[in-house]
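**Q** Okay, handing you the structure first.
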Amino acid sequence: MKPFIKVMKSLSDPNRVKMMKMLQSKPMCVCEIQESLGIAQSTASKHLKLLEDAGLVRSFKDGLFVNYSIADGGDSPYAAGMIERLKDWLNDDEQVKQLNTILPGIDRGKILGRK
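What follows is the structure, given as structure tokens:
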């Protein structure tokens, strides 16, 4: 039962659900997620760690950046099921729609003042 509870708890925060919906569009680094949601870097990192521990997202290095993407769910059938269901859920939600409109303009180079 613990793996099931871990997945459910990891999705009990609106920002973590938003992160999951954003990561369905493209892999993102912490600074891009933080900018999109208007939250502190430490808060974004904490949320991502909980999602990663639950098997919902994975992280990978890209030069100086750590990027996050949706996991394949191979570690947990509960995570796999939730990942699959979230593809269809909340797409009509106003907050999710708003995030989807700003995501194309979110660029780590601009955020870090490199462009």
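Here the working numbering is used: the first residue of the sequence shown is 476, the next is one more, and so on.
Heads up, the beta-carbon is just placed ideally off N, CA and C, and yes, glycines get one too.
If distances are taken between C-alpha atoms only, which option among K477, K496, S485 comes closest to L565?
**A** Among K477, K496, S485, the Cα nearest to that of L565 belongs to K496.
**Q** Shortest alpha-carbon distance to L578 belongs to which of K493, P552, K477, S487?
**A** Cα-wise, what sits closest to L578 is K493.
**Q** Going straight from the alpha carbon of A587 to that of L531, what length do you get?
**A** A small correction: the amino acid at residue 587 is Leu; Ala does not occupy that position in the sequence shown. Roughly 27 Å between the two C-alpha positions.
**Q** Quick check: what's the CA-CA separation for R589 versus C504?
**A** The straight-line gap from Cα to Cα measures roughly 15 Å.
**Q** Quick check on the burial criterion: 16 or more other C-beta atoms within 10 angstroms. Buried or exposed for Q591?
**A** Any property of residue 591 remains undetermined from this structure, which presents the chain solely from 476 to 590.
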